[in-house]
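Step one of this worksheet: look at the structure below.
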């Protein structure tokens with residue numbers, strides 16, 4: 414959440430979201446990771462199965478710029494056990510996402 418408002422960040426599976434970069438991108442005072450209850454309430458899905466679009470409520474979406482490095486990405490399809498492939502530009506367009514650098518630096 415950014416200042417208490419839910420935000421979805423699309424990120425490749427081998428990376429982690431840098432909440433400070435998200436805070437700066439959004440111009441928010443405070444950003445924190447959502448808990449499972451807020452995720453389900455906002456999206457209609459459980460953590461691990463949240464698709465990039467089709468949520469219960471309209472949610473602001475950021476997409477990490479490194480998604481564009483991939484020819485194909487696999488996104489959750491509503492459950493932790495189902496995914497679907499698509500190219501990153503289509504993913505970003507359908508999600509209505511803003512592309513930003515929000516990946517935690519590699520250690």
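In this note's numbering, the protein residues as written are 414 to 520.
No residue lacks a Cβ here, since even glycine has one placed at the ideal position from N, Cα and C.
message = Check for me: the alpha helix (DSSP H) holding residue 501 runs from which residue to which?
response = 501 to 508
request  = Output the residue ranges of the alpha helix (DSSP H) runs that lie fully inside the stretch 428 to 461 and measure 4 residues or longer, sorted by chain position.
outcome  = 432 to 439 and 449 to 456
key: residue 431, buried or exposed, once every other Cβ within 10 Å from all chains shown has been counted against 16   = buried
ask   = Starting from residue 416 and walking both ways along the beta strand (DSSP E), at which residues does that stretch end?
value = That residue, residue 416, is in no beta strand (DSSP E); it is neither H nor E in DSSP.
ask   = Among 469, 459 and 505, which one has its Cα closest to the Cα of residue 493?
value = 459
task = Check residue 477 in the structure and name its three-state DSSP category.
result = strand
inquiry  = With a threshold of 8 angstroms, are at least 3 pairs of Cβ atoms found where one atom belongs to the stretch 469 to 485 and the other to the stretch 419 to 429?
reply    = yes
key: Limits of the unbroken beta strand (DSSP E) element including residue 488   = 486 to 489
According to DSSP, residues forming a beta bridge with residue 512 = 476
ask   = So what does residue 466 bridge to, in DSSP terms?
value = Residue 466 is not bridged to any residue.
query = With distances taken from CA atoms, which of 457, 481, 441 and 462 is nearest residue 516?
reply = 481
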